[in-house]
Every structure is written in C-alpha cells, then in structure tokens.
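K.L.:
The sequence shown begins at 1 in full-length UniProt numbering and counts up by one. Even glycine gets a Cβ: it sits at the ideal position worked out from N, Cα and C. Only a predicted model underlies this, so the values are computations on that prediction, with no experimental measurement involved.
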Amino acid sequence: NIILMYWEYTPRDYYKNLDKLLDAGFKVIVSPSMLNWCRNFPDNIHASKNIINLTKQGVNSKDRGVIGMLNSIWGDQHYYSFRDNTIFGGVLGASVSWNSKLDIYKDIVKTYGFLFYGLEEKHLENDRLDYALCSGLTAILIMEAIGMNMGSKNKDIILMTNTIINRKEVYKSLLCVFINFSDFFD
Numbered sequence: 001n002i003i004l005m006y007w008e009y010t011p012r013d014y015y016k017n018l019d020k021l022l023d024a025g026f027k028v029i030v031s032p033s034m035l036n037w038c039r040n041f042p043d044n045i046h047a048s049k050n051i052i053n054l055t056k057q058g059v060n061s062k063d064r065g066v067i068g069m070l071n072s073i074w075g076d077q078h079y080y081s082f083r084d085n086t087i088f089g090g091v092l093g094a095s096v097s098w099n100s101k102l103d104i105y106k107d108i109v110k111t112y113g114f115l116f117y118g119l120e121e122k123h124l125e126n127d128r129l130d131y132a133l134c135s136g137l138t139a140i141l142i143m144e145a146i147g148m149n150m151g152s153k154n155k156d157i158i159l160m161t162n163t164i165i166n167r168k169e170v171y172k173s174l175l176c177v178f179i180n181f182s183d184f185f186d
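#1: Tell me whether Phe41 is buried or exposed, calling it buried when 16 or more other Cβ atoms sit within 10 Å of its Cβ.
#2: Using three-state DSSP, classify Trp7 as helix, strand or coil.
#3: Name the DSSP beta bridge partners of Gly68, please?
#4: Within 8 angstroms (strictly less), CB to CB, does Ile87 reach chain E?
#5: Given Leu129, which residues of its chain have a CB within under 7 angstroms of its CB, disregarding the five upstream and five downstream residues?
#6: With a threshold of 16 other CB atoms inside 10 Å of the CB of Ala24, please say whether the residue is buried or exposed.
#7: Below 8 angstroms CB to CB, which residues in the same chain sit around Glu4 once its five sequence neighbours on both sides are set aside?
#8: Could you give the residue range of the alpha helix (DSSP H) that holds Thr55?
#9: Quick check on Thr10: buried or exposed, where buried means 16 or more other Cβ atoms within 10 Å of its Cβ?
#10: Report, in whole angstroms, the separation of the C-beta atoms of Asn36 and Ser100, which I expect to be a contact under 8 angstroms.
#11: In whole angstroms, what separates the C-alpha of Ile87 from that of Trp74?
#12: Out of Phe82, Met69 and Gly65, point me to the one whose CA is closest to Cys38's CA.
#13: So what does DSSP say about Arg12, is it helix, strand or coil?
#14: Just the C-alpha distance for Asp13 and Ile51, rounded to the nearest angstrom, thanks.
#15: For my contact list, Leu92 and Ser48 are in at a C-beta cut-off of 8 angstroms; report their separation, rounded to the angstrom.
#16: Quick check on the DSSP output: the alpha helix (DSSP H) that includes Ile87 runs from which residue to which?
#17: Considering only the beta carbon of each residue, do Met69 and Ser97 sit closer than 8 angstroms?
#18: For the candidate residues Asp103, Ser72 and Leu102, whose alpha-carbon lies nearest to that of residue 221?
#19: Is Lys20 helix, strand or coil by DSSP?
Below, the structure is given as structure tokens:
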C-alpha cells in the first residue's frame, strides 16, 4: 500500500519515468514545481511547461494509477523567493488539474495579470505572456515607477525595490521586466 510522489521539475513534453512507475503497479501523485528555489522569482517560463505537461499527463493517467497532483514550491536557502510570486504557479496548477483537456494557459495569464496586478489585456498579449509574469510584484512596481498609465507615484519605487530585495538574481529579473515591457511605454 505504498503511494509514490513523482517529483520531476524538468520542463519536458512527456515524462517517461511516470510510465515506468505506473507500469510497475504503483499509485502515484505527480509533483511539478514552481522552480523558485535559490532565487527571488520563480522561473515561470519553465515552471509553466513543467506544471502543465506533468499535470496533464497525470490527469490522463488516472485510470493507470495517478491519484493526484501536488504543486510544490521550495522555501530553502532562507526562502528569499517571495511567497507572493509563487501564487501564479498554484493558480496554474489548480486550473490545469481541473481543465486538463483545454489549452487555457493564455487565459490564465491574462486573468491573473489583471486580477493580481491590474494589467490590461493589451499588456499581456502573445509572446509577452511569459515575461509579464517573470517577476510578479516587481513588474508592477516598475511600471508604476515609470508611469505606465497606472497612477505613477514616484520614481523612487525602483530604488526601494532594489534596496529591499538586494540579491544578484533580482537585478536580472528587474532587467528582464524592464526590457520586455519597454515597448509598452509612450
């Protein structure tokens, strides 16, 4: 009566090892991840592929022995990955679990971007979807700081954000957001 947790955090199109466990007769819970350990922001681009594909394969293998999905986040290395930035992975995992037959990624990103950050749909189109989520709250702070039709308060927000976070990884994320949102500015 052993239930196995299949942890696989690599973004793959198909997870062959899951088949091996199921073929051996085990009951399995699949566990994708938000890919947030040792960094300030989750790797939403790769995590989304991992969450979607492993979850869909798990749902499609229910009759073979998959009994559930646990979407993991890791709070190791003193947990300097802000918890709020991992919410998207939970929303995505839950949505895919319940709607595995649909291709709902773009709808989830647009809805999440609007509900959590107030981003208008025009800022969340096509290839910009992944980058819109690459740093969560920091993206909205930067957009407010540079006055992207969001009621700009003051430009010190960027400096404040850098001071609060103060990790090498966040500067890469801040640069990623700034570069990828730069074509939205007037």
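P.N.:
In short, the structure shows the following:
#1: buried
#2: strand
#3: Ile29
#4: This model lacks chain E altogether, as it is built from one protein chain only.
#5: Residue placement at Leu129 is poorly supported in this model, since its pLDDT is 48, which falls under 50; the coordinates still yield a value, given next. Here the set comprises Lys106 and Val109.
#6: exposed
#7: Residue identity check: residue 4 is Leu in the sequence provided, not Glu. Only Leu21, Phe26, Lys27, Val28 and Ile29 meet the Cβ criterion.
#8: Asn44 to Asn60
#9: exposed
#10: Not really, about 23 angstroms apart at Cβ, beyond 8 angstroms.
#11: 13 angstroms
#12: Phe82
#13: coil
#14: 11 angstroms
#15: 6 angstroms
#16: Ile87 to Trp98
#17: yes
#18: Shown here, the chain extends from 1 to 186; a query on residue 221 therefore has no answer.
#19: helix
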